[in-house]
Every structure is written in structure tokens, then in C-alpha cells.
Amino acid sequence: MWCPLLLLGLASLAMAMPYSNVSLPNALEARQTSSFTDYLFVYFTGEGKADGERIYMSVSNNNSPASWTQVNGGNSILTSNVGTKGVRDPSIIRSVDGKKFWIIATDLYVYSSHTYDTENGSKSIVVWESSDLKNWSAARLAQISPSNAGMTWAPDAIWDPSRNQYLVFWTCNLKGDGWYIMKSYTSDFKTFSAAEKFLTGAGMDATIALDKSTNTFYRISKNGPGELIEEASATSLNGPWKVVSQQIGLNTIPKGEGPLIFQDNASPSKWHVFIDDYTRGRGYAPFETTNIAGGKWAASTGFSLPPGNRHGYIIGITAAERSCVTGGACSSNSGAITTVGSNPPATTTVSNPSGANQTPYGQCGGMSYFNIGPAWVLRKTQGQGWSGPTICASGLTCKYSNDYYSQCVQ
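Numbered by mature numbering (1 follows the signal peptide of the UniProt record, and there is no 0), the letters in the sequence shown go through residues -16 to -1, 1 to 394 in order.
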């Protein structure tokens, strides 16, 4: 809840300063860096039982990655009826315009086959699609690996602004050549470009996140000494990649794999990495840092993760999306109205007949731009929490100032 005195202070600040020089107090800025109010955790639960290699979901409680509620009473959400009829290592991707979600997963059923075949495994991944996180398409196979691939493990994807497509990448054994992180490009997760070598010497189980505050990509993967986790950074998905830290998890877990990474909703300077403590069958062990560029990770404390969780993925979600996933009403497209690309809009005219006219340099809102993945999306909000006048006086335009703030200017 916003404090009235704080709102009054911000309004005064807006009146006194040109819009380009306005900066929010750190405490307020930390609360407003995201429109997400919780997290969605997608995972599988292992090969020890027949239903373990399926898709499971949990949602966080009170926007905390330390507390979770299992979706569907802890039962699986999705079951594959294609390929091997088992799935592992799921990733969930929010579309660049906020209108769709895709789950992509390894096509592998160890419980049935009793093997982690790296020579004659699947050349495909399993794909599901949804517009609301609750209602999903039928599973479909998408072959992305080349003919000499021994397996197609741990698929992940991230928007590549240089291509205006999703970069899909996965661990692959090219028989007679070696192990690589491979890549392919897609716009719809239906049609994929021919596979290419992406990363060499990066190990396996790679995942990549973008720190928008510095436009830096961070790659987390199982690589380096002790069969633990490595962090590398680059300013482009095409590299060059520089190793930042190795042996993440040392002295906490004996070995690790299947790492996931996500930014904290409430404190954007904080990042979380979960590492699968697979040799002890304990599921994910959580770690965190407030200096991702420095690569100094510490074991998180006070976390209670969903039981049985294995290699998966976490994204931020809105209150409406959490409600939908947990049994409430669902609406498609997650409130996304307009996507304007990788940069914020220069101006936007806000129409709200019920709002009062705001004076020069006053805060405006009613429709607000938020970072959703790599794009700026116009959402149905009330001015990032602003409850005062939402449209500008005649001759003024509601102009973007930063991710959290807009003002009426000429």
C-alpha cells in the first residue's frame, strides 16, 4: 500500500523538477521495478516413480521465493503423450509481447527406459503453449537437434534482440564430435532454424538471464571444477563470454546440475540461483547474491521449497496470473495491450475520461509501461500505483520518464 505522505512528496518533487531529472527514492524504486507480485515455479520431480517425469507447478506466497504453494494439490499439471512420453528439465518462456507462454522440456522417460541414453536419445523437445498459464495446448514434438545428435537435453530460450527471435539452446552430444550447447532460432516455437553450435566449453544445463539495468547477459551452467556451477557474462548473446565465477555451491552441496536463475521481484539488485543437489536426491538448493556482476553467491536461509522439485524454471507473475493458476478466474494475454519493443516509448497519450486534468510536470498514469521480458508492454494499471489525476491538462502529454514514472509535459 502506498503512503499518502510519500505520494504528496513525489507530486511536489514532480512539480519542482524537469521530468528528465526526476528520480525516485531507493525504497520506492525497489518496490516498483516490476509489475510481478509472485513467482511461478515449473519443474519435474525425478525418475523414481512413474509420474515424476511430468510437469509440476508451484506458486510463491507473498512474493517470496522462500515460501511456496503447490498447484493442483501437488499433482502433475501436464503429461507428455508424445515421443518417449516423459519430460524433464522444463523451461517456461513468456512471449516478448506478454500474450503467450511456452513450456519446453527434454523428451526423456528414464523411469520407463532405465537409461539416460546420450548416444541414441531423442532429437526433439516437447512443447506446450498457453495464453493464461492454466489452459495448455496438447504436447507436441519439435525436432531441433541434427541427425548426428545423441540427445537433446535441458532446452531453454531467451529473446535475442539482435535477431528479433527467440534463441533456443540445449545440451547436445554430437556423435564423433563432442558435447556442445547448441542453438536454434524460432518466432513461434513451431518452426525452428537449423541447429548450430552455440557454446563450447560451457558444460551442460545452461540457462541465461538478462540484467536489464546493465544490458548484461549471465549464463549459468554446470561446468568447471568439482562438477558444480559456473557463471559467465556477456553483453551480447553471441559473446564473447567471460567466466565470472566457478564452483558456485561449494561447501554447501557435493555436486550440482540443472541450475535456474531469476531476479528478485521486490529487490531487483538481488538474484537467485537454485542448484539441483542431485547426488543426494534433495532437489534444489537455493543461493543468492546482491552483486551478480561480482559472482559472489551465498546459500540462502529460511527457504522452504516444494517437495520433490528437480531441474526447472522460475518466472515472475502478476497477481491475476497467480489467481488463475491456483483456481481463480483467468484472462488471456496477461493484460498486455501494446508492445513497443526493447526501448521505452518516447511519449504516450493517455485517455481516461474519468480522470482529472494534471498540471505541468504532474504525475500521470492510467495506462503504464512495464518491462515484460525484453519488451516494454502497455498494461492496464493505475499509473504504477498512482491514484491521483491520470490525464494531462490541454496542451500537455503524458511522457515516459523511467520504468516507474511518467509526467505531464509540453
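C-beta atoms are modelled at their ideal positions from N, C-alpha and C, and glycine is treated no differently. No experiment lies behind these values; they were computed from the predicted model shown.
Across the set 121, 117, 188, 220, the C-alpha of 117 shows the shortest separation from the C-alpha of residue 314.
The beta carbon of residue 69 lies closer than 6 Å to those of 93 in the same chain, with the five residues before and after it left out.
Look at residue 93 here: in three-state DSSP terms it is coil, with no helix or strand label. Around the C-beta of residue 160, fewer than 16 other C-beta atoms lie within 10 Å, and the residue is accordingly described as exposed. Closest option to residue 182, judged by alpha-carbon separation, among 193, 169, 102, 173: 169.
Beta-bridge partners assigned by DSSP to residue 270: 258. Judged by beta-carbon spacing, residue 173 lies within the 8 Å limit of residue 88, meaning their Cβ atoms are closer than that value. Shown here for residue 139: same chain residues with a beta carbon closer than 8 Å to its own, the five before and five after excluded, namely 73, 75, 88, 89, 90, 109, 128, 152, 153, 154 in chain order.
For residue 308, the enclosing alpha helix (DSSP H) starts and ends at 303 to 309.
Comparing alpha-carbon positions, the option among 133, 144, 142 lying closest to residue 157 turns out to be 133. Put simply, of 294, 62, 196 the residue whose alpha carbon is nearest the alpha carbon of residue 258 is 294.
Each residue's CA atom was taken as its position, placing residue 95 and residue 266 some 18 Å apart. Between the beta-carbon of residue 35 and that of residue 60 there is about 6 Å, and that keeps the pair under the 8 Å contact cut. Looking at the DSSP output, residue 281 bridges to nothing. Residue state for residue 45 is assigned as strand, using DSSP reduced to three classes.
Excluding its 5 nearest sequence neighbours in each direction, residue 195 has C-beta neighbours in its own chain below 7 Å: 202, 276, listed in chain order. Take the alpha-carbon of residue 283 and the one of residue 164: they are about 29 Å apart. By alpha-carbon distance to residue 84, the top candidate from 242, 220, 112 is 112. Distance from residue 43 to residue 264 at the Cβ level is roughly 26 Å; contact not present, criterion being Cβ atoms closer than 8 Å.
Residue burial is scored here from C-beta neighbours: residue 78 has at least 16 other C-beta atoms within 10 angstroms and is therefore classed as buried. Excluding residues up to 5 positions away in sequence, 200, 201, 202, 203, 225, 226, 228, 277 lie with their Cβ nearer than 8 Å to the Cβ of residue 217 in the same chain. Listed in chain order, the non-local C-beta contacts of residue 221 below 8 Å within the same chain comprise 142, 144, 146, 151, 192, 201, local neighbours out to five positions each way being set aside. In this structure, the alpha-carbon of residue 67 lies about 9 Å from that of residue 124. Fully enclosed alpha helix (DSSP H) runs of no fewer than 4 residues occupy 94 to 97 of the region 68 to 129, in order along the chain.
Your pair residue 23 and residue 49 checks out as a contact, with CB atoms roughly 6 Å apart and the cut at 8 Å. Nearest to residue 233 by C-alpha distance, out of 309, 301, 250, 262, is 262.
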